Amino acid sequence: MYYSSISIKSNKLFDYLTDLPYDTYNWTEHFGFDSVQLGLEWLEDEYALKAIHNIHPIKQMGVLKIPPFVNYNWHVDEFRQSCINMLISYDHISYCLFGKELNDYVTAITELKYKPYTYYLLNNQQLHTVINFDKPRYMFSLYFEEELEYKKLKQKLHPILT
Ligand SMILES: [Fe+2]
């Protein structure tokens with residue numbers, strides 16, 4: 231209901247993004263995140279993205295940065311129905327949580343425990359939040375050419391989901 235993992239692991243992009251000199255980049259503001267765009271050549275060089283792109287075309291990709299000690303508030307995305315994410319930062323603690331409000335006081339949480347080299351399909355129309363601790367958090371993310379609700383995209387991507 232919240233997320234699924236992609237069976238094809240990162241062959242190049244995870245290592246590339248892990249080694250990027252992020253301090254030297256020109257970050258631009260994007261829905262409260264700092265972001266940097268990636269070239270579309272990755273749709274050829276990165277096998278998981280190539281497979282995804284062949285099933286449901288990707289429009290734009292990039293890295294999103296969240297500063298240290300920030301909680302990106304509970305929300306559902308304004309524009310995105312679903313997306314593909316891959317966490318780059320494993321040098322500190324951060325949490326990606328999905329939530330279901332049980333009453334005015336309590337939200338039940340489900341953690342997306344990211345694994346290195348692994349892409350996830352996320353349901354952006356369910357409540358979610360990110361809690362980041364003592365270092366900048368870098369996340370690969372993308373936009374599809376056409377927004378599609380999670381359930382339908384999950385069906386389309388079924389051959390490459392675990
Ligand atoms: Fe979001």
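Numbered according to this note's numbering, the sequence shown spans residues 231 to 392. Note that CB positions come from ideal geometry on N, CA and C, so glycine has one too. Only a predicted model underlies this, so the values are computations on that prediction, with no experimental measurement involved.
Is the distance from the Cβ of residue i to the Cβ of residue j below 8 Å?
| i | j | result |
| --- | --- | --- |
| Phe261 | Tyr347 | no |
| Asn354 | Ser319 | no |
| Leu273 | Lys280 | yes |
| Ile390 | Ser240 | no |
| Lys242 | Glu375 | no |
| Tyr232 | Gln356 | yes |
| Leu317 | Met291 | no |
| Tyr362 | Phe309 | One detail in the question is off: residue 362 reads as Asn in this sequence, not Tyr. Cβ distance not < 8 Å, so Asn362 and Phe309 don't count as in contact. |
| His358 | Gly329 | yes |
| Leu400 | Ile285 | Outside the modelled stretch of the chain, which goes from 231 to 392, sits residue 400, for which no answer is possible. |
| Ser235 | Thr392 | yes |
| His322 | Lys365 | yes |
| Ala278 | Tyr344 | no |
| Ile314 | Ile282 | yes |
So who's on the other strand from residue i, going by DSSP bridges?
| i | result |
| --- | --- |
| Pro323 | Looking at the sequence shown, residue 323 is not Pro but Ile. DSSP lists no partner for Ile323. |
| Asn353 | Ser312 |
| His388 | His388 pairs with nothing; no bridge assigned. |
| Ile236 | Leu391 |
Can you give me the Cβ contacts of residue i inside the same chain, cut-off strictly under 6 Å, excluding the 5 residues immediately before and after it?
| i | result |
| --- | --- |
| Leu294 | Phe263, Ser265, Met369 and Ser371 |
| Arg367 | Ile296, Ser319 and Ser324 |
| Cys174 | Absent from the structure is residue 174, since the part of the chain shown begins at 231 and ends at 392. |
| Pro287 | Glu375 |
Between residue i and the rest of its own chain, which residues show a CB-CB distance below 8 Å, the 5 nearest in sequence each way excluded?
| i | result |
| --- | --- |
| Thr258 | Asp264, Ser265 and Val266 |
| Gln276 | The amino acid at residue 276 is misidentified as Gln; the sequence shows Glu. Contacts found: Ser240, Asn241, Lys242 and Leu243. |
Shorter than 8 Å from the beta carbon of residue i to some beta carbon of chain C?
| i | result |
| --- | --- |
| Leu391 | This model lacks chain C altogether, as it is built from one protein chain only. |
With a threshold of 7 Å on Cβ separation, who are the neighbours of residue i within its own chain once the five nearest residues in sequence on each side are excluded?
| i | result |
| --- | --- |
| Thr248 | Ile318 |
| Leu383 | His286, Ser312 and Leu351 |
Runs of 3 residues minimum, wholly inside the region 255-287: which ones carry the beta strand (DSSP E) assignment? 258-260 and 263-268
Contained beta strand (DSSP E) runs [length at least 3] in the region 290-337, N- to C-terminal order: 300-305, 312-317 and 324-331
Within 6 Å of ligand 1: residues by beta-carbon to any heavy atom: His305, Asp307, Asn354 and His358
Run through the region 362-386 for me and flag every whole alpha helix (DSSP H) of 4 or more residues, listed as ranges in chain order. 380-386
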